[in-house]
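Take a look at the structure set out below.
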Amino acid sequence: MDGDPGGSALRDALARLAVAGPRAGVHVLCLAETEPASPPSSVTRTYEDACAVTPTFRHCGAVALLSGDVAAGLQLLRVAPGGPVGPGTHAAVKAVSAAWAERFARALAPLRPDGPPGEPDARVSAPLPQSTRLLDELGLARATPASLMARWADAADDTESLGGRARAVLGAGPRGPVTADLVADGPHLLIEGPAGSGRTELLRAVVASLAAAERPDRLAVVLLDGRDGVGTGAGHGEGLRVCTDIPHVTTHLIANDPVRMREFAQSLAAELKRRAELLGRTDFARWHAGREVSGRMVAQRTPGAGDPLAQRASAAASGDIETPPSSTLRLRPGAAARQRAGAAPPLPRLVVVVDDLDALVSPALGSPGRPAAGSVIRALEAVAREGERLGVHLVAATGTGGRTAESEPARLAALRVVLDAPQPGPEQPAPGRGRLASADGRTVGFQGGRVTGRIPRTATQRPTVVPLDWQRMGDPPARRPVRELGNGPTDLALLASAVERAAREVAAAEVPSLL
Ligand SMILES: Nc1ncnc2c1ncn2[C@@H]1O[C@H](COP(=O)(O)OP(=O)(O)OP(=O)(O)O)[C@@H](O)[C@H]1O
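Quick note: the sequence shown, position 344, residue 344 per UniProt numbering, numbers continuous.
Structure (structure tokens):
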């Protein structure tokens, strides 16, 4: 491979795999210039040479030899502590070019070990970028309905997140995208940061990435802007309203109208009660597990169209009956249509996303929503306390300090993000720089993924030259600031449109609004 421009990158990528391989289940570890079907002695010699250069090879369970002028032959070997224990599978990778080797190396290079800190491989990490696009972190630079549907299909098979995935990608971390899994590590997430630190943008990224990870009839999103900053010149912009084109978003409330705020609080409390009654003594995940097993039997017992009692029992079992305070049982919007169609209504996960929680906890004197802020907070407190069992998650952003820290939504958040104060200046990172901490003490830094930026104008991107140490040869390609189209659609709009088309394609049932 000497003289091959892809060779050094490939060699470095393989050296990284020597560290990551056994954990990642990958055993392509050793690069060598051997002839296909080399005698065992030469294989052993090659292995010893490779171990002399990269001692970590010795700890690996298998070795791949790439042979021929441009590494066209691939041989997998099992390795015992003393060296290879005989030839393994042969494969021919025909007509492999230097460009292929480069692409292969680049594809392998971002693989990182996933071990606890303190182990030698935890050192392998890249510096955080100054800014990043969320779509790049999601691997959806060209968001298409097909790519989203593939993710949703994958989520349906995920036994770790029964009833729906709630996995938010926050941005770029030192070892790839940083994810907050509300099911595995939540249930709730609190984002703290001073004004201008990128809290609202991070909430938008959470909504966008939740939508990319799960279909809209398995995960619904409710948005609440705790402060009506639109038009105040406070730079608050559109708040969470820009997310309302995403089909997962069923409800958007701005805390400036006491009547609607009280209605929202009642409706959210009623939703918790409906879920509690529906689930009985089980919890959200187990309820879904049971339904998946008994799905066929339930389908066979669909009640007759002319039997109101049987219909009512079925609606109660499926959660379609609105719960008291109303003493009359009333089908929720959309429930009648679903019954006519014979489709089982979903019990989706619900994520309540709140911006400016502090403005609800301590509403400013004279703010229009002040009279009803208490009722909204009480409903959010109920979500914080009971949400885990009911499949309802809270993601809230707040300023630092003040009374919010003592509120239940803040106290009961197992996942916490702290954002840095914005730093002015061209060399400083963009807003959105912060750390994610989980309840088990793990902390990871990240640069938040921007989602309301304009789609980049790739045609005007020029090549960038970056000096690189040989130890960093396996890093992903250097990132550089993207130039945005001044008037094009935002990444969020691009994603929302693809999500909308994907939702239509999979015929996702609509989840009713809380308002
Ligand atoms: N991850 C990011 N990458 C690039 N720019 C960002 C990022 N996050 C935020 N910004 C920019 O920083 C500015 C402030 O962001 P944002 O409104 O989200 O902050 P905030 O903490 O909600 O503050 P405020 O509530 O005062 O508006 C906006 O101009 C936004 O476009």
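Here a beta-carbon is modelled for each residue, glycine too, at the ideal position from N, C-alpha and C.
Nearest neighbour of residue i, chosen from the options [CA to CA]
| i | options | result |
| --- | --- | --- |
| residue 445 | 176, 140, 144 and 148 | 176 |
| residue 501 | 149, 391 and 270 | 149 |
| residue 384 | 415, 151, 258 and 372 | 415 |
| residue 498 | 158, 129 and 152 | 152 |
| residue 411 | 218, 420, 380 and 428 | 380 |
| residue 406 | 375, 421 and 362 | 362 |
| residue 402 | 370, 155, 364 and 490 | 364 |
| residue 452 | 503, 245 and 382 | 245 |
| residue 286 | 132, 378, 369 and 162 | 162 |
| residue 399 | 347, 249, 360 and 145 | 360 |
| residue 194 | 260, 510 and 358 | 358 |
| residue 442 | 145, 159 and 417 | 417 |
| residue 248 | 143, 213 and 226 | 213 |
| residue 165 | 393, 274 and 375 | 393 |
| residue 373 | 259, 289, 349 and 428 | 259 |
| residue 504 | 493, 145 and 137 | 145 |
| residue 158 | 378, 278, 424 and 288 | 288 |
| residue 404 | 284, 377 and 170 | 377 |
| residue 198 | 263, 349, 274 and 429 | 429 |
| residue 395 | 141, 252 and 413 | 413 |
| residue 211 | 349, 434 and 426 | 349 |
| residue 266 | 382, 284 and 427 | 382 |
| residue 409 | 192, 426 and 508 | 192 |
| residue 284 | 509, 160, 263 and 256 | 160 |
Residue i vs residue j beta-carbon contact at 8 Å
| i | j | result |
| --- | --- | --- |
| residue 173 | residue 431 | no |
| residue 276 | residue 390 | yes |
| residue 182 | residue 168 | yes |
| residue 180 | residue 448 | no |
| residue 228 | residue 254 | yes |
| residue 506 | residue 215 | yes |
| residue 200 | residue 450 | no |
| residue 261 | residue 367 | no |
| residue 387 | residue 188 | yes |
| residue 515 | residue 143 | no |
| residue 351 | residue 203 | no |
| residue 355 | residue 421 | no |
| residue 178 | residue 186 | no |
| residue 492 | residue 208 | yes |
| residue 278 | residue 347 | yes |
| residue 250 | residue 513 | yes |
| residue 433 | residue 490 | no |
Span of the alpha helix (DSSP H) around residue i
| i | result |
| --- | --- |
| residue 259 | 258-279 |
| residue 530 | Given that the chain is displayed from residue 1 to residue 515, the structure contains no residue 530 and the question cannot be resolved. |
| residue 492 | 491-505 |
| residue 241 | Element bounds for residue 241: n/a, residue is neither H nor E. |
| residue 206 | 199-213 |
First through last residue of the beta strand (DSSP E) which encompasses residue i
| i | result |
| --- | --- |
| residue 169 | 167-173 |
| residue 361 | Per DSSP, residue 361 belongs to no beta strand (DSSP E); it is in the alpha helix (DSSP H), 357-361. |
| residue 224 | 219-225 |
| residue 444 | 443-450 |
| residue 511 | Counting along the chain, residue 511 falls outside any beta strand (DSSP E), and DSSP gives it neither H nor E. |
| residue 253 | 249-254 |
Q: Write down every uninterrupted run of the beta strand (DSSP E) in the region 394-432 whose length is 3 residues or greater and which is fully enclosed by it, in chain order.
A: Every unbroken stretch of the beta strand (DSSP E) spanning 3 or more residues and falling wholly within the region 394-432 is given here in chain order: 415-419.
Q.
Check whether the region 433-448 and the region 206-225 touch, using three or more Cβ-Cβ pairs below 8 Å as the test.
A. Look at the beta carbons and you see the region 433-448 not touching the region 206-225: under three pairs across the two are nearer than 8 Å.
Q) On the three-pair Cβ rule with 8 Å, is the region 269-285 touching the region 236-250? A) Inter-segment contact for the region 269-285 and the region 236-250 is absent: fewer than three beta-carbon pairs are separated by less than 8 Å.
(Q) Please give me, in chain order, every unbroken run of the beta strand (DSSP E) with length at least 3 that falls completely inside the region 133-192. (A) With a minimum length of 3 residues, the unbroken runs of beta strand (DSSP E) contained wholly in the region 133-192 fall at 167-173, 176-181 and 189-192.
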